[in-house]
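Peer 1: One structure is given below, represented as structure tokens, and several questions about it will come after.
Number of protein chains: 2
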Amino acid sequence: MTPLPSDIEIARDAQLRSPLDVAQDMGIDTAQLEPYGHHVAKVDLSTIDQLADRPQAKYVVVTAVTPTPFGEGKTTTAVGLAQGLAKEGHSPVLALRQPSLGPVFGIKGGAAGGGYSQVVPMEVLNLHLTGDFHAVTAAHDLLAAMVSNHLHHGNELGIHTVEWRRVLDINDRALRAIIEGNGGPMDGVTRQSGFDITAASEVMVILALATSLADLRERLGRIVVGWTKAGEPVTAEDLKAAGAMAVLLRDALKPNLLQTLEGTPALIHTGPFGNIATGNSSVVADRIGSRAGDFLVTEAGFAADMGAERFFNVKCRAAGLTPDAAVVVVTVRALKAHSDRFQVKLGKELPAEMLAEGPADVEAGAPNLRKHLSIIRSFGVQPVVAINAFPTDHDSEHEVIRRIATEEGARVAVSTHVAEGGQGARELARVVAEACEEETSFTPTYELSDPLATKIEKIATGVYGADGVSFEPAARRALEQYTERGYGELPVLIAKTQMSLSHDPNLKGAPTGWTLPIREVRLAAGAGYVYALAGSIMTMPGLSKHPGAERIDLDEQGNVVGLF
Amino acid sequence: MTPLPSDIEIARDAQLRSPLDVAQDMGIDTAQLEPYGHHVAKVDLSTIDQLADRPQAKYVVVTAVTPTPFGEGKTTTAVGLAQGLAKEGHSPVLALRQPSLGPVFGIKGGAAGGGYSQVVPMEVLNLHLTGDFHAVTAAHDLLAAMVSNHLHHGNELGIHTVEWRRVLDINDRALRAIIEGNGGPMDGVTRQSGFDITAASEVMVILALATSLADLRERLGRIVVGWTKAGEPVTAEDLKAAGAMAVLLRDALKPNLLQTLEGTPALIHTGPFGNIATGNSSVVADRIGSRAGDFLVTEAGFAADMGAERFFNVKCRAAGLTPDAAVVVVTVRALKAHSDRFQVKLGKELPAEMLAEGPADVEAGAPNLRKHLSIIRSFGVQPVVAINAFPTDHDSEHEVIRRIATEEGARVAVSTHVAEGGQGARELARVVAEACEEETSFTPTYELSDPLATKIEKIATGVYGADGVSFEPAARRALEQYTERGYGELPVLIAKTQMSLSHDPNLKGAPTGWTLPIREVRLAAGAGYVYALAGSIMTMPGLSKHPGAERIDLDEQGNVVGLF
Numbered sequence: 002m003t004p005l006p007s008d009i010e011i012a013r014d015a016q017l018r019s020p021l022d023v024a025q026d027m028g029i030d031t032a033q034l035e036p037y038g039h040h041v042a043k044v045d046l047s048t049i050d051q052l053a054d055r056p057q058a059k060y061v062v063v064t065a066v067t068p069t070p071f072g073e074g075k076t077t078t079a080v081g082l083a084q085g086l087a088k089e090g091h092s093p094v095l096a097l098r099q100p101s102l103g104p105v106f107g108i109k110g111g112a113a114g115g116g117y118s119q120v121v122p123m124e125v126l127n128l129h130l131t132g133d134f135h136a137v138t139a140a141h142d143l144l145a146a147m148v149s150n151h152l153h154h155g156n157e158l159g160i161h162t163v164e165w166r167r168v169l170d171i172n173d174r175a176l177r178a179i180i181e182g183n184g185g186p187m188d189g190v191t192r193q194s195g196f197d198i199t200a201a202s203e204v205m206v207i208l209a210l211a212t213s214l215a216d217l218r219e220r221l222g223r224i225v226v227g228w229t230k231a232g233e234p235v236t237a238e239d240l241k242a243a244g245a246m247a248v249l250l251r252d253a254l255k256p257n258l259l260q261t262l263e264g265t266p267a268l269i270h271t272g273p274f275g276n277i278a279t280g281n282s283s284v285v286a287d288r289i290g291s292r293a294g295d296f297l298v299t300e301a302g303f304a305a306d307m308g309a310e311r312f313f314n315v316k317c318r319a320a321g322l323t324p325d326a327a328v329v330v331v332t333v334r335a336l337k338a339h340s341d342r343f344q345v346k347l348g349k350e351l352p353a354e355m356l357a358e359g360p361a362d363v364e365a366g367a368p369n370l371r372k373h374l375s376i377i378r379s380f381g382v383q384p385v386v387a388i389n390a391f392p393t394d395h396d397s398e399h400e401v402i403r404r405i406a407t408e409e410g411a412r413v414a415v416s417t418h419v420a421e422g423g424q425g426a427r428e429l430a431r432v433v434a435e436a437c438e439e440e441t442s443f444t445p446t447y448e449l450s451d452p453l454a455t456k457i458e459k460i461a462t463g464v465y466g467a468d469g470v471s472f473e474p475a476a477r478r479a480l481e482q483y484t485e486r487g488y489g490e491l492p493v494l495i496a497k498t499q500m501s502l503s504h505d506p507n508l509k510g511a512p513t514g515w516t517l518p519i520r521e522v523r524l525a526a527g528a529g530y531v532y533a534l535a536g537s538i539m540t541m542p543g544l545s546k547h548p549g550a551e552r553i554d555l556d557e558q559g560n561v562v563g564l565f
Numbered sequence: 002m003t004p005l006p007s008d009i010e011i012a013r014d015a016q017l018r019s020p021l022d023v024a025q026d027m028g029i030d031t032a033q034l035e036p037y038g039h040h041v042a043k044v045d046l047s048t049i050d051q052l053a054d055r056p057q058a059k060y061v062v063v064t065a066v067t068p069t070p071f072g073e074g075k076t077t078t079a080v081g082l083a084q085g086l087a088k089e090g091h092s093p094v095l096a097l098r099q100p101s102l103g104p105v106f107g108i109k110g111g112a113a114g115g116g117y118s119q120v121v122p123m124e125v126l127n128l129h130l131t132g133d134f135h136a137v138t139a140a141h142d143l144l145a146a147m148v149s150n151h152l153h154h155g156n157e158l159g160i161h162t163v164e165w166r167r168v169l170d171i172n173d174r175a176l177r178a179i180i181e182g183n184g185g186p187m188d189g190v191t192r193q194s195g196f197d198i199t200a201a202s203e204v205m206v207i208l209a210l211a212t213s214l215a216d217l218r219e220r221l222g223r224i225v226v227g228w229t230k231a232g233e234p235v236t237a238e239d240l241k242a243a244g245a246m247a248v249l250l251r252d253a254l255k256p257n258l259l260q261t262l263e264g265t266p267a268l269i270h271t272g273p274f275g276n277i278a279t280g281n282s283s284v285v286a287d288r289i290g291s292r293a294g295d296f297l298v299t300e301a302g303f304a305a306d307m308g309a310e311r312f313f314n315v316k317c318r319a320a321g322l323t324p325d326a327a328v329v330v331v332t333v334r335a336l337k338a339h340s341d342r343f344q345v346k347l348g349k350e351l352p353a354e355m356l357a358e359g360p361a362d363v364e365a366g367a368p369n370l371r372k373h374l375s376i377i378r379s380f381g382v383q384p385v386v387a388i389n390a391f392p393t394d395h396d397s398e399h400e401v402i403r404r405i406a407t408e409e410g411a412r413v414a415v416s417t418h419v420a421e422g423g424q425g426a427r428e429l430a431r432v433v434a435e436a437c438e439e440e441t442s443f444t445p446t447y448e449l450s451d452p453l454a455t456k457i458e459k460i461a462t463g464v465y466g467a468d469g470v471s472f473e474p475a476a477r478r479a480l481e482q483y484t485e486r487g488y489g490e491l492p493v494l495i496a497k498t499q500m501s502l503s504h505d506p507n508l509k510g511a512p513t514g515w516t517l518p519i520r521e522v523r524l525a526a527g528a529g530y531v532y533a534l535a536g537s538i539m540t541m542p543g544l545s546k547h548p549g550a551e552r553i554d555l556d557e558q559g560n561v562v563g564l565f
């Protein structure tokens, strides 16, 4: 149809299959499902064992070049690819993150794909789904209440510095920095604290990385909420909070089964922030999905230097799963933006000259694509370039991208999944299937036994392309402290801007000749990683002057309007 | 069984019916149900219209004498009564509030009844259920974020005083009073604010009192978040927040169908605080329940002066339903406590001499029971006394209560529902059924057209037994302001201690010769009432030194332990 109907119009017209039928396609027993409304079901974790004898699916992660502020369509491409694989006669399963309520009511709108490549039911997915995010908020804030309560009742454990903040699944900048305990002596201890968005909670990452309920319980216990004056960690286990947290999260650990517009199974589960957290959907969903079809398609947040690096180095290691191929989503507009010849700003229209036919501009931005393909290759994984086609693209521009991909030894396809659904992604599906037949030898960037600083340096030089890393003295000291306390064998995660391969959002293309500055490091002992901050990272978004929430309402029939 | 197994042991041994079967007993179509897991379903609101031609059930509210700090078993009695009515051949429906997570992890444990009179599944009920409380938290805090955001972006509406706080469903005293916006200029406006528990949210009351999705949407729009310098109200509609809030609450407005241990239908829905809010379950659940059986049994928070007064004056008016009988739960220990001869303290064992046979002590506490019966009569409703029997009771003590009830013209029954389930409540069921056959003429305490101050005075003198009311000047001024701005015809609600008929928790029995002091009044324009504060009311509980959460955990099979 031209013009394309809006996402919500397309979603509302969809004929949904029963989740029981969808599960049957996956070889999952009805007894393993708990229905949540008519179109969603939770899948019991015992399914992992039940499917253990089935063959392993090809494991495909969808990542991207360094994006413009608009994003380049990783989610739509993942959905479209799954639908395209089905059209090609395969039995794919899709595994994606659950959207956060904050952005839904902020600027971004829904996050269920777009056009004819969406996960449905769209309103359910974008609102509470089965309440997993709310369970994370409750578990996180119960621990926070128990920390504050412990201080109030005399601080027997001798907590000297508190590092555990609170979370809400809402964009509320006024809560970034608060003073709590601002009442009388019966109203808690006065101290500085603050709120992050729920997607930034360590509990969210724990839910995403846990391999079983028992593993979840243990990880919760290992959370470090603060430190004594002698530099000893104080954990959620020390506070006797981890059991109650696990109880709150018991159902949230079960993945949610939804479907694409074309009825492809979609496991939607957890939603860790892409910046200070892993930015990938859950391990348990992937362990189910990897035995419930012949292809498992998942997505990693931001570009290949961010989400895909964490997918390979952290998630695949935790899951014990080996990737077969990585799809790098690229758009004409993204490569043009990397030419650094145009000003692209969120909330503004693209400059008109950027929409004119400009294969040379695409070519000028190509180093970014080449670098991301080499990042994928550095892990021993097959890259595939997916050109996410826009109506404003020109054939000559697509040809440039095809040529660059081929020069880099990567398969490439143009995909029109937004306008045409799975039918538009059949070429992509075919080349992805071909790539998965190649011999791979998956190689993480670092060994867990490497020193923490070395791990950070290997990511900075081996993935980002930096010359080296400079550590602030406090960051060095913290790395030493973590190592002394037994956290030295954890993987690391670098929190930096997603708008550049470097830490400077203004550096486009594939920057060289720069050093990554690490100003601070922090510990996520429950999730199981150390994270290093390269620049200031926003963990609680704000709302714009006229946020999306102002346009969202119910119509007279009780339908949701304004969610797009 | 002697001794009685623990609540959670009894609950876990229960053989649950399918919610589809339970609904069938109620005359509700399967198509009206949305399953949430295997044992809970949401009931669509169109059921109200579908059942409109069916006969009206007898409407019975369970209330109590002024309780000891342990509570006197209103919930167990309501559950037992419903089970007893079923044993007597009736088709009862039970309608109760959903428990709050705060007390579950605080001191109180679960709130699903007790012994052989419980609502099940107990863990689901006491944890997230279907996420309705989380939806209230999200909607409430979205509005709070939009208020703070409006201030940050220039305060076009000229909000001078903000009255909208934030909520979390957790006991966290350190959040009672906070300073928000404590970061830099991009981190919001610095001001004093704080958090209440979700059960104290006006949004929770709106959900409880709304008669339809359209009514919910309108009530949300009427919420007053603050005032301009000129004394004009600023509403959620003015902030364009009410539509998004309604979207978040759309599913939460559908009542949750559970069951008692004996398979009786139980609609569990909403949970407004008993103090500053209405303390009653939802109007929509009662409108469904009142056509889905021959008896609808519900409970009102705290004693007859508190929850039942609000049930009659606020909820029944909003629902358009007329009560037939009110069960006043009484225990031997409560009347002994009202003798003022014993010290009863939360967290301490009852004094040994209180457990000795003491009919004279019961007699000495009887004025409290007599007063509550006269409160029920003042509404033109038939009272029934339910003696909630304890193993430590003596027959002579029950006899005193029977005699007092009879002297007051009330039916009376001893109920052993905790130890024996519905079988133990058959006598109670019979006398309740008899009472419902009496002619009644329901009469609220005041007319909506009475001035606000008069309404408060009529409750204080006509219900509590005060000589009169003294208003602080600020309270008088606020009542005048509310009247000028068009809120004069709202009902009123008085927030006072539940531990006495008066505002002083130390005054036992039926105090006389006292004046009710109103220090402050507030407006809940969306919920649709003005509330007057008589004493300081805690809207955010704290945790004890060793809260219940410390004992709650998962066992090796993944079962919840420590919830009792």
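Same order as they appear, the protein sequences are chains D and Y.
Numbered by our numbering, the letters in the first sequence go through residues 2 to 565 in order.
Numbered by our numbering, the letters in the second sequence go through residues 2 to 565 in order.
Glycine included, every Cβ here is placed at the ideal spot set by N, Cα and C.
#1: Considering only the beta carbon of each residue, do D/V522 and D/A476 sit closer than 8 Å?
#2: Is the beta carbon of D/Q99 sitting closer than 8 Å to the one on D/H339?
#3: Pull up the DSSP beta-bridge partners for Y/A58, would you.
#4: I'd like to know if D/P20 contacts chain C, where contact means its C-beta is closer than 8 Å to some C-beta of that chain.
#5: Would you mind giving the Cβ-Cβ distance between D/P273 and D/A327, rounded to the nearest angstrom? I have them listed as a contact below 8 Å.
#6: Against chain D, does Y/P186 count as a neighbour if the rule is that its beta carbon must be under 8 Å from one of theirs?
#7: Answer yes or no: does any C-beta atom of chain D fall closer than 8 Å to that of Y/V226?
#8: Tell me the rounded alpha-carbon separation between Y/K59 and Y/A245.
#9: Write down every uninterrupted run of the beta strand (DSSP E) in the segment 312 to 395 of chain D whose length is 3 residues or greater and which is fully enclosed by it, in chain order.
#10: Candidates Y/S397, Y/G366 and Y/T407: which alpha carbon is nearest Y/V386's?
#11: Can you give the beta carbon distance from Y/V168 to Y/S202, rounded, assuming they're within the 8 Å contact cut?
#12: Select from the segment 228 to 243 of chain D all residues with a C-beta closer than 9 Å to any C-beta belonging to chain Y, and list them in chain order.
#13: Which two residues bound the contiguous alpha helix (DSSP H) that contains D/V85?
#14: With distances taken from CA atoms, which of D/G410, D/L524, D/T261 and D/T393 is nearest D/G573?
#15: Could you round the C-beta distance between Y/G422 and Y/P93 to whole angstroms and report it? I think they count as a contact, below 8 Å.
#16: Could you tell me the distance, in whole angstroms, from the CA atom of Y/A12 to the CA atom of Y/P6?
#17: Please list, in chain order, the chain D residues whose beta carbon lies closer than 8 Å to that of Y/R223.
#18: Strictly below 7 Å CB to CB, what residues from chain D border Y/K546?
#19: Starting from the C-beta of Y/L217, find all residues in its chain whose C-beta is less than 8 Å away, skip the five residues before and the five after it, and write them out in chain order.
#20: Output yes if chain D places a C-beta closer than 8 Å to the C-beta of Y/R378; else output no.
#21: Between D/N183, D/D173 and D/D287, which lies nearest to D/M27 when the distance is taken from Cα to Cα?
#22: Answer with yes or no whether the minimum CB distance from D/N257 to chain Y is below 8 Å.
#23: To which residues does DSSP link D/Q119 through a beta bridge?
#24: Leaving out the 5 sequence neighbours to the left and right, which residues in its chain are closer than 8 Å to D/K459 when beta-carbon positions are compared?
#25: Pull up the CB-CB distance for Y/L102 and Y/T76, whole angstroms please, since I reckon it's below 8 Å.
#26: Whose C-beta lies closer than 8 Å to the C-beta of D/S397 among residues of the same chain, with five residues either side of it excluded?
#27: Determine the direct distance from the alpha carbon of D/L297 to that of Y/V493, and round the result to whole angstroms.
#28: Against Y/R251, what residues of chain D qualify as contacts under a CB-to-CB distance less than 9 Å, listed in chain order?
#29: Could you tell me the alpha carbon to alpha carbon distance between Y/G366 and Y/D468, rounded to whole angstroms?
Peer 2: According to the structure data:
#1: In contact: D/V522 and D/A476 (Cβ atoms closer than 8 Å).
#2: no
#3: Paired residue(s): none; Y/A58 is not in a bridge.
#4: Among the protein chains of the structure shown, namely D and Y, there is no chain C.
#5: Contact flag wrong, Cβ pair sits at about 19 Å.
#6: No, its Cβ sits nowhere closer than 8 Å to a Cβ of chain D.
#7: no
#8: 37 Å
#9: Entirely contained in the segment 312 to 395 of chain D, the beta strand (DSSP E) runs reaching 3 residues are, in chain order, 326 to 331 and 383 to 389.
#10: Y/T407
#11: Between Y/S202 and Y/V168 the Cβ distance is about 5 Å, and since that is below 8 Å, they are a contact.
#12: L240, K241, A242 and A243
#13: The sequence shown places Gly at residue 85 of chain D, rather than the Val named in the question. D/G85 -> alpha helix (DSSP H) spans K75 to K88.
#14: Here chain D has residues from 2 to 565 only, and residue 573 of chain D is not among them.
#15: Their Cβ separation, rounded to whole angstroms, is 14 Å, which puts Y/G422 and Y/P93 out of contact at 8 Å.
#16: 10 Å
#17: Chain D residues near Y/R223: none, gap ~15 Å exceeds 8 Å.
#18: H154, listed in chain order.
#19: I207, L208, A211, A247, L250 and L254
#20: no
#21: D/D287
#22: no
#23: D/G114
#24: T446, Y447 and D451
#25: No, Y/L102 and Y/T76 are not in contact; Cβ-Cβ is about 17 Å, not under 8 Å.
#26: E358 and P360
#27: 59 Å
#28: E124, L128, L555, G559 and V561
#29: Computed Cα separation, rounded: 21 Å.
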